[in-house]
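Please read the structure below before turning to the comments.
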Amino acid sequence: MSAASARASLAYSCAGHVYAHIFDPIFFVVALALPKAMGLPYEDALLLIIGGKVLYGILAPGAGWLGDRWSAVGMMLIFFIGLGLAGIATGLANNPFQLSLGLAGLGFFGSIYHPVGTAWLVRNATNRGKALGLNGIFGGLGAALGGIVAGALTDAISWRAAFILPGVVILISGLLFAYSLKKGQVVEIKEDLKPHAAPSKGETLHAGLILTLTMLCTGLIYQVTQPALPKLFEARLGDVLGDGLLGVGGLVTLIYTVAGLFQVVAGHWADRYPLRYVYAGVYLAQVPMLLAAAWVGGLPLALVTMVMVSMNLAGIPAENSLLARYTPAKWRGTAFGMKFVLSFGISGLGVPLMAIILKTTGDFIWVFLLLSLMAVIVVAASLMLPRETPKARLAEAAN
């Protein structure tokens, strides 16, 4: 594979990561406008995304398997075209049922990216942590852009434009990707560009069991934090941010931009230090921030949530590197698919759980206490991962 093809693959993988994360924050900001637009209470509006969340997770293993056994680039093409069309369809919805169908379509096609795109990226990488950290910036950028795109377009045009315009951009990207495939600018690759030391069966089983638990918890923290922030800011920072959704969306954008950029540093840590300590450390740093978010308000809340989200996203390069290290290359797409069953499917049920807690208590205190407990579990479990021997790390560095 040529260097130009590797660069093109990285560029499309990064663009795909933006698109894979852009619609969730769009919906969670738009949900603030749905009570007026559709006469739907906010807590009930949140429930419309459940189908999309579940599909986003449960379809991931099948997408990863097809990427492993059929074609990663073929699946990426389906991802771009399908997600763009689903975004447009969501913006054209006329009632809650149609909106839930559109969101389900976003979940259906969105389920392709993480198992296929991440495995594709890993195969093309010479420094996994660095590549995953760089790619992670774009995932954070998607979440960041989603907030301000939704706020700006909803205030300036309508909530429909917040889905339709990004859908058009993604569809155009899909057509460009098809052209790159036809011209040979992007090609299929089945083996790692830089092979790493193979794990033993015992290490694979040991790490797999622990990562199953930690990925469920980390996914829950991510899935609940994202929809919580717009409503939290509206409730506790409304006087500072002003009327409309632009202020709320802008602050969400700022937080996810800073957090996304921090993944470059986290990726460097993942390449340089024992992964289990990096993984445990970033979640340990989240515990006091999650506890603080339960009670603080005003401008300190913005700082607390910025650190909280930065540490949350900083765990992704280490987590993905751990999964790649302990999974045989030929099954990596399927393994990443199983991860996203946990991180985006099962953990996505944290959204209705949050809605129930809010409806029952009227505040976010118990939401963030639950998330802090999840972070403590991740810290304890990650320290039980297999130790990285100096011999293994030297072997990887030599390849």
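Each residue of the sequence shown is one higher than the last, beginning at 326 in the working numbering. All C-beta atoms, glycine included, are put in the ideal place defined by N, C-alpha and C.
Of the choices the options, whose alpha-carbon is the least far from that of residue i?
i    : options                : result
V603 : L647, G585, L428       : L647
R597 : L408, K455, G409       : K455
P360 : N420, G465, L530       : N420
G387 : G377, P677, F434, I681 : F434
V565 : Q548, S525, L624       : L624
L579 : L616, L554, G409       : L554
I406 : G465, V494, F463       : V494
S672 : D369, G382, V607       : G382
S525 : T652, I690, T537, Q548 : T652
A649 : L457, L667, S505       : L457
F404 : H342, L424, F422       : H342
V629 : V676, G572, T550, G675 : T550
F353 : C339, A487, I482       : A487
T310 : A397, Y504, A660, Y337 : A question about residue 310 goes unanswered here, because the residues of the chain that appear run from 326 up to 724.
S334 : G572, L506, A532       : L506
K508 : I535, W656, S330, M679 : S330
M631 : A610, G471, F422       : A610
R657 : N645, A356, A336       : N645
G622 : D688, D568, Y504       : D688
L696 : W594, Q548, T686       : Q548
D568 : Q423, E713, H531, A358 : A358
I437 : K556, L674, K684, S338 : S338
R448 : K655, A532, A418       : K655
I482 : R332, V589, W594, G416 : G416
V589 : L466, H531, L530, T685 : L466
E713 : G572, T539, A595       : A595
A556 : K684, L530, H593       : Contrary to the premise, residue 556 reads as Lys rather than Ala in this sequence. Of the candidates K684, L530, H593, the one whose C-alpha sits nearest the C-alpha of K556 is K684.
Please check the pair residue i and residue j, which I expect to be a contact at CB under 8 Å, by giving their CB distance rounded to whole angstroms.
i    : j    : result
A591 : P642 : 5 Å
P711 : E513 : The Cβ separation is near 32 Å, so there is no contact.
A345 : G662 : No, A345 and G662 are not in contact; Cβ-Cβ is about 14 Å, not under 8 Å.
F558 : L576 : 6 Å
P552 : V676 : 6 Å
G409 : L496 : 3 Å
F665 : P440 : 6 Å
A605 : L708 : 5 Å
W484 : A362 : 6 Å
What do you reckon, are the CB atoms on residue i and residue j nearer than 8 Å?
i    : j    : result
A469 : T582 : yes
F348 : L446 : no
P491 : G412 : yes
L373 : L428 : yes
Y608 : V511 : no
L626 : A618 : yes
G725 : M401 : Here the chain comprises residues numbered 326 to 724, so residue 725 is not present and cannot be evaluated.
A726 : G364 : No answer is possible for residue 726: it lies beyond the span of the chain, which begins at 326 and ends at 724.
I546 : N637 : yes
I690 : W620 : yes
E368 : A680 : yes
L541 : L667 : yes
D480 : L570 : yes
A706 : I535 : yes
G461 : G574 : no
Measuring only between beta-carbons, confirm whether residue i sits less than 8 Å from chain E.
i    : result
L446 : Given the protein chain composition of this structure (a single chain), no chain E is represented.
Would you say the segment 376-393 touches the segment 472-489, given that touching needs at least three Cβ pairs under 8 Å?
no
Exercise. If you pair each beta-carbon of the segment 498-507 with each one of the segment 364-380, do three or more pairs fall below 8 Å?
Worked result: no
Note to self: For the segment 611-629 against the segment 691-709, do three or more pairs of beta-carbon atoms, one drawn from each stretch, fall closer than 8 Å, so that the two count as touching?
What the structure shows: yes
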